[in-house]
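Sequential numbering from 290 applies to the sequence shown in my numbering.
Encoded as structure tokens, the structure appears first; notes follow it.
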Amino acid sequence: MAKRPENSLQGSLELLILKTLEHGPNHGFGITVHVQTASEGLLQVEEGSLYPALHRMEKEKLIAGSWKITENGRRARFYSLTAAGEKRLEEARSTWKTVARGVKKVLRFA
């Protein structure tokens, strides 16, 4: 079942991570760069929020991690989307569409 809209603001980081990983495996820094680039600098993910979220999501089996070498020759943990993560992403998308419609209506009349 999808998260209720009133709880969805707290799930925004999860949504951003899942959406980023929909494009393929990535490491933490790559996720932060993707979010910042895709949002044209409007959104930034802080390390202090990102890594606890990645660990929680891996524990929940929404993502799977494995150690690999980056293009710069550094060892990093790369995360990829699991089937459960794909399902959660679809639920989160639906919830965010509802939230966006609600916010748009409130802003129109506020």
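Glycine included, every Cβ here is placed at the ideal spot set by N, Cα and C.
Next on the checklist: Which residues does DSSP list as the beta-bridge partners of Leu370?
Outcome noted: Ile352
Item to check | Of the listed residues Gly391, Pro341 and Ile352, nearest to Thr309 (C-alpha basis) | outcome: Ile352
Checklist entry - Which term fits Ile320, buried or exposed, when burial requires 16 or more other beta carbons within 10 angstroms of its beta carbon? => result buried
Checklist entry - What residue does the alpha helix (DSSP H) around Thr326 start on, and which one ends it? => result Gly317 to Ala327
Next on the checklist: Cutting at 7 Å between CB atoms, please list the residues of its own chain near Arg364, excluding the five before and the five after it.
Outcome noted: Trp356 and Ile358
Next on the checklist: Between the alpha carbons of Leu331 and Gly391, how many angstroms are there, rounded?
Outcome noted: 21 Å
Next on the checklist: Closest to His316 by C-alpha separation, out of Glu375, Ala373 and Glu360, would be which residue?
Outcome noted: Glu360
Checklist entry - Are there 16 or more other CB atoms within 10 angstroms of the CB of Tyr368, so buried, or fewer, so exposed? => result buried
Checklist entry - Is it the case that the Cβ atoms of Leu396 and Leu307 are separated by a distance below 8 Å? => result no
Checklist entry - In three-state DSSP terms, what is Arg377? => result helix
Next on the checklist: Going by C-alpha to C-alpha distance, which of Lys394, Phe398 and Thr384 sits closest to Gly300?
Outcome noted: Thr384
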